[in-house]
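*Asks:*
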Amino acid sequence: MGHRSRPRIHRRTFLRWSAGAAATIPLFGCADDEALWAPRFRALPEDPSRFPLGVHAGAVAADGARLWTHAPAGGPLVLRVWPDAAPDDVLPALEVDVQPSQAGYAAPRITGLPAGEWWRYAFFDDSAQVRSAYGRFRSAFGPGQTGVVRVGATACTNFGRRPFPALARTAAAGIDVFCHLGDLNYNDDQFTLADYRRGYAENLDTADFRAVLGNAGSYFVWDDHEFFDNEGLYAPDVDVARVAAGKQAWFECLAVEGRDVPEAGALGGNRVMWGSYRWGDAAEFFLLDSRLERDEAAGRYVSRAQLDWLKQALADSPAHFKILLNSVPIADLPLIWGPGDRWTAFPEQRAELLDHMVTAQVGNVVFLAGDFHVGAVWRVAERGPHSAMWEILCGPGGSAPSKRLELAARSDAIHDQFFPPGRIEHASGDHASTIIDFDAPADEIRVRFERASDGALQYAATLRCQEVEG
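Okay, here's the thing in structure tokens:
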């Protein structure tokens, strides 16, 4: 992502805002000269040609986030961050010198911010006296903090289905976090790194993506179409170089984090995207890779490294809700839904994970998934200890019609096989916004789906993670 320097701290004032009041904390020196500059940096005009894909925040933590932009002309740039509720003449809380990569991407991780606060930011070209679009995000809750975390989530946003009104509705819902559960792009016709980069640019340049990504921090996981359709992804002669190009573009074009884990045996190189982000005592988000570590012959859905990490991280988490971003569903659905290409086709690892949650007493587990081109709510199992876990299929945000739902509509008999009484809480193929309030103090999960085309309420319910006996 290019060189990232340490924060550049000037003679300035760091404003911290809480409970509607401002406390001024001088860092050092006199800020008189900076007081002349403070009103000016907010007044600089936005230059869409300099920053054609806007900005977004990702990998949000309690002390900061990774902040992204694309500046094809290169740098140097300055990233400035300030309190969201601050007046126009506020001084920056943080300034960072940024040098984009040769391809123009920049995503420095900023740290040192107070937890649980809303922040505004932009990238500036001080020499040209222009800036990017403004973005905003909320830093995660810190240790000991709790409250409601409002999540907007989607999956399956095919750039051939633009615009994305589901994303526009999500952006207007006052969310704290946006989660994309995979198939952000349908890159089936992309082959080179340049192809993949162009594909991301097509989606990120839409007003709907700009609205949702620019107004909250995000977490992303990939699915198959970030690379190409899954039928080719697991072929014996899989194009590994093509996977590597898609993987590089994903890490470049989104505010995400990765690390090298050679033992994971992932396609396209050693870099993995799985990890977790905690929101104090309220929730922890676990980002899973359900695609690039598979070995069907060995019965491996995820690598041993990822599974061991996940089991330990779940057991160690002090958060009330454990939210697993899992691109492909894990629920034990009726056979007609098709058991292949997901956790149920790898029963040993699926049982190992779910049984571990029971024996380790990992409570309040919710899976967020996509892939099916369906928005849905169901329990992971119909009865027994696994039934205390919920799965929510988010969106869909902009996909082709679901072939499963088209089949279900052919006759009442087929419909009843897909939707046995009491098993499926909600299922719809309509493009929709999915808003979920994870309310730790009340021990509630409040879910609603609104149809993208007209805002009609499709489904609303309050869920609790309680076992169905029997």
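Be aware that the sequence shown starts at 0, since it is given in numbering that gives the first Met the number 0, and climbs by one per residue.
All C-beta atoms, glycine included, are put in the ideal place defined by N, C-alpha and C.
Bear in mind that the values here come from a model prediction, so they are computed numbers and not experimental data.
Grouping DSSP H, G and I as helix and E and B as strand, with all else coil, what is V220?
*Replies:* Reduced to three states, the DSSP call for V220 is coil.
*Asks:* Whose C-alpha, out of V77, D331, A92, is nearest the C-alpha of A106?
*Replies:* If we check each option's Cα against that of A106, V77 comes out closest.
*Asks:* Quick check: V148 and A282, are their CB atoms within less than 8 Å of each other?
*Replies:* For V148 and A282, yes; Cβs fall inside 8 Å.
*Asks:* By DSSP, does I322 sit in helix, in strand, or in coil?
*Replies:* Correct three-state label for I322: strand.
*Asks:* With a CB to CB cut of under 8 Å and the five nearest residues on each side skipped, what residues in its chain are close to A314?
*Replies:* H355, A359, V361, listed in sequence order.
*Asks:* Starting from V365, trace the alpha helix (DSSP H) both ways and give me its first and last residue.
*Replies:* Unbroken run through V365 is the beta strand (DSSP E), 364–368; no alpha helix (DSSP H).
*Asks:* CB-CB under 6 Å to D32, same chain, minus the five flanking residues each way: which ones, in chain order?
*Replies:* Residue confidence for D32 is low, a pLDDT of 48 falling below 50, so the modelled location carries little weight; the figure read from the coordinates is stated next. Closer than 6 Å at the Cβ level, and outside the excluded window around D32, lies no residue.
*Asks:* Would you say the stretch 146–164 touches the stretch 125–134, given that touching needs at least three Cβ pairs under 8 Å?
*Replies:* Segments in contact, no.
*Asks:* Would you check if the stretch 157–174 and the stretch 387–406 touch, i.e. whether three or more CB-CB distances between them fall below 8 Å?
*Replies:* Because the criterion of three Cβ pairs below 8 Å is met, the stretch 387–406 and the stretch 157–174 touch.
*Asks:* My output table needs one value for Q128: the three-state DSSP class, helix, strand or coil.
*Replies:* Here Q128 sits in coil by DSSP.
*Asks:* Using the three-state DSSP reduction, which class does A344 fall into: helix, strand or coil?
*Replies:* Helix.
*Asks:* Taking C-alpha atoms, which residue in R168, G115, A171 lies nearest to Q144?
*Replies:* Out of R168, G115, A171, G115 has the C-alpha closest to the C-alpha of Q144.
*Asks:* Should the stretch 410–425 be called in touch with the stretch 175–194, which here means at least 3 C-beta pairs below 8 Å?
*Replies:* No, because fewer than three Cβ pairs between the stretch 410–425 and the stretch 175–194 fall closer than 8 Å, the two stretches do not touch.
*Asks:* Alpha carbon to alpha carbon, how far is V95 from A70? Give it in angstroms, no decimals.
*Replies:* Cα-Cα distance, rounded: 16 Å.
*Asks:* Going by the DSSP bridge assignment, what does G383 pair with across the sheet?
*Replies:* According to DSSP, which records beta bridges pairwise, G383 is partnered with V467.
*Asks:* Using the three-state DSSP reduction, which class does A22 fall into: helix, strand or coil?
*Replies:* Any reading at A22 is ruled out, since the residue's pLDDT is 29, under 50, leaving its predicted position unreliable.
*Asks:* Using a Cβ-Cβ cutoff of less than 6 Å, which residues in the same chain neighbour F219 once the five nearest sequence positions on both sides are dropped?
*Replies:* Excluding positions up to five away in sequence, the list reads H179, L253, V255.
*Asks:* Take Y195 and list the residues in its own chain whose beta-carbon comes closer than 7 Å to its own, dropping the five residues that flank it on each side.
*Replies:* Closer than 7 Å at the Cβ level, and outside the excluded window around Y195, lie N186, Q189, A244, G245, A248.
*Asks:* Determine the DSSP secondary structure at F417, reduced to helix, strand or coil.
*Replies:* Helix.
*Asks:* Between P47 and the ligand FMN, is there a pair consisting of the residue's CB and a ligand heavy atom that are separated by less than 7 Å?
*Replies:* Among the components of this structure there are no ligands whatsoever, and the ligand FMN is therefore not found.
*Asks:* Comparing C-alpha positions only, which one of L309, R349, L112, E468 sits nearest to D331?
*Replies:* Checked all of L309, R349, L112, E468; the closest Cα to D331 is R349.
*Asks:* Less than 8 Å separating the beta-carbons of R470 and G216?
*Replies:* The structure shown does not extend to residue 470, since the chain spans only 0 to 469, so no value can be given for it.
*Asks:* From the DSSP output, read off the bridge partner residues of Y104.
*Replies:* According to DSSP, which records beta bridges pairwise, Y104 is partnered with H69.
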